[in-house]
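Quick notes on the structure that follows.
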Amino acid sequence: MSTPTQPNLPHRTSALSAAAERNKHPILETLRTLLRAQGRALEIASGTGQHVAWFAQHLPGWTWWPTDLRDTYFAELQAHIQASVPESLRDRVAAPRLLDVQQEPWPLEGARFDLIYCANLLHIAPWACCDALMRGAAQHLAPGGQLVTYGPYLEDDMPTADSNLDFDASLRARNPEWGLRRREAVEQEAQAAGLRLAARHTMPANNLLLVWQAR
Ligand SMILES: C[S@@+](CC[C@H](N)C(=O)[O-])C[C@H]1O[C@@H](n2cnc3c(N)ncnc32)[C@H](O)[C@@H]1O
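Going by the working numbering, the sequence shown wraps up at 323, each residue one higher than the last.
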């Protein structure tokens with residue numbers, strides 16, 4: 109999927125994404141400040157499953173539903189769960205299932221979640237996925253639930269780090285429909301779907317963790 113030098117993409121030379129190994133630590137610490145002791149979480153764009161495996165170990169009151177557009181990494185995802193989640197918690201992670209955010213409705217039988225977690229999707233997918241993510245999340249968040257998006261963004265009132273400008277250019281060169289998204293444009297899509305930006309957390313390596321809730 110990418111070369112190891114690109115910071116937010118898993119690479120196919122190994123079943124592990126080096127970026128996910130790094131960023132799972134600060135993401136977990138931020139999630140701990142946002143989440144209550146127990147709940148139901150849907151992960152969008154799970155990729156290799158390193159995040160869901162880590163969260164399942166460290167947020168033991170939560171149950172997890174990993175999903176992705178493709179089943180390319182489902183075997184790796186399940187291997188990560190087997191290898192790292194204690195047996196007593198493993199049944200808190202559902203088998204991964206296919207979910208394309210652009211599919212309507214999402215194939216979840218109307219289930220609602222306290223957390224919908226989506227890392228590193230918006231810049232590696234067509235812009236239409238942003239609207240689709242926001243609308244799907246609005247339909248599947250339980251009352252008081254939170255959508256968390258994580259990744260690099262552009263912001264109107266903030267200088268963009270050179271590494272993010274380079275990453276944006278490399279994404280656009282690979283696929284003209286990809287690229288870092290303006291946080292303000294994402295907010296507009298969220299607003300149209302009935303969500304609002306409830307919190308903005310700055311994260312290592314010029315990433316943001318954004319929290320979206322029903323308006
Ligand atoms: C860069 S990886 C991120 C993986 C993981 N969340 C992480 O942060 O390490 C992007 C993932 O988005 C998934 N994806 C792309 N388009 C999607 C869509 N329309 N719906 C759901 N997932 C999608 C890809 O299959 C891929 O697994």
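Don't be surprised by glycine CBs; every beta carbon is placed ideally from N, CA and C.
When we look at the beta-carbon of residue i and count the other beta-carbons within 10 Å, is it buried (16 or more) or exposed?
{"i": "aspartate 222", "result": "buried"}
{"i": "glycine 259", "result": "buried"}
{"i": "threonine 113", "result": "The predicted model places threonine 113 with a pLDDT of 35, which falls under 50 and marks its position as unreliable, so this point remains unresolved."}
{"i": "leucine 229", "result": "buried"}
{"i": "glutamine 158", "result": "buried"}
{"i": "proline 234", "result": "exposed"}
{"i": "threonine 310", "result": "exposed"}
{"i": "aspartate 176", "result": "buried"}
{"i": "histidine 133", "result": "exposed"}
{"i": "arginine 243", "result": "buried"}
{"i": "threonine 141", "result": "exposed"}
{"i": "proline 312", "result": "exposed"}
{"i": "proline 267", "result": "exposed"}
In chain order, what residues of the same chain have a beta carbon less than 8 angstroms from the beta carbon of residue i, not counting five sequence neighbours either side?
{"i": "arginine 280", "result": "Trp286, Gly287"}
Residues bridged to residue i by DSSP?
{"i": "isoleucine 152", "result": "Cys226"}
{"i": "glycine 147", "result": "Trp170"}
{"i": "alanine 307", "result": "Val319"}
{"i": "leucine 262", "result": "Arg290"}
{"i": "leucine 206", "result": "Asp176"}
{"i": "threonine 257", "result": "Cys226, Leu318"}
{"i": "valine 201", "result": "Trp172"}
So what does DSSP say about residue i, is it helix, strand or coil?
{"i": "arginine 178", "result": "coil"}
{"i": "arginine 220", "result": "coil"}
{"i": "asparagine 315", "result": "strand"}
{"i": "alanine 164", "result": "helix"}
{"i": "glutamine 186", "result": "helix"}
{"i": "proline 251", "result": "strand"}
{"i": "arginine 291", "result": "helix"}
{"i": "asparagine 116", "result": "Any answer about asparagine 116 is weak, because its pLDDT of 47 lies below 50 and its placement is not dependable; what the coordinates show is given next. Looking at asparagine 116 - three-state DSSP - the assignment turns out to be coil, as it is neither helix nor strand."}
{"i": "leucine 241", "result": "helix"}
{"i": "alanine 236", "result": "helix"}
{"i": "glutamate 212", "result": "coil"}
{"i": "serine 192", "result": "helix"}
{"i": "serine 125", "result": "coil"}
With a CB to CB cut of under 7 angstroms and the five nearest residues on each side skipped, what residues in its chain are close to residue i?
{"i": "alanine 250", "result": "Arg220, Phe221, Asp222"}
{"i": "aspartate 276", "result": "Gly287, Leu288"}
{"i": "asparagine 314", "result": "Pro260, Ala269, Ser271, Asn272"}
{"i": "alanine 328", "result": "The structure shown has nothing for residue 328, since the chain only spans 109 to 323."}
{"i": "alanine 240", "result": "Val209, Gln210"}
Could one say the Cβ of residue i lies closer than 8 angstroms to chain C's Cβ atoms, at least one of them?
{"i": "isoleucine 224", "result": "Protein chains in the displayed structure number just one, and chain C is not present."}
Residues in the same chain with beta-carbon distance under 6 angstroms from residue i, minus the five sequence neighbours each way, listed in chain order, please.
{"i": "tyrosine 254", "result": "Just to set this straight, residue 254 is glutamine in the shown sequence, not tyrosine. Excluding sequence neighbours, glutamine 254 sits near Leu223, Val319, Gln321."}
Between the stretch 157-167 and the stretch 194-202, do three or more beta carbon pairs fall short of 8 angstroms? The stretch 194-202 and the stretch 157-167 touch, with three or more beta-carbon pairs separated by less than 8 angstroms.
Report yes or no: do the stretch 175-185 and the stretch 141-149 share at least 3 C-beta pairs separated by less than 8 angstroms? These segments do not touch.
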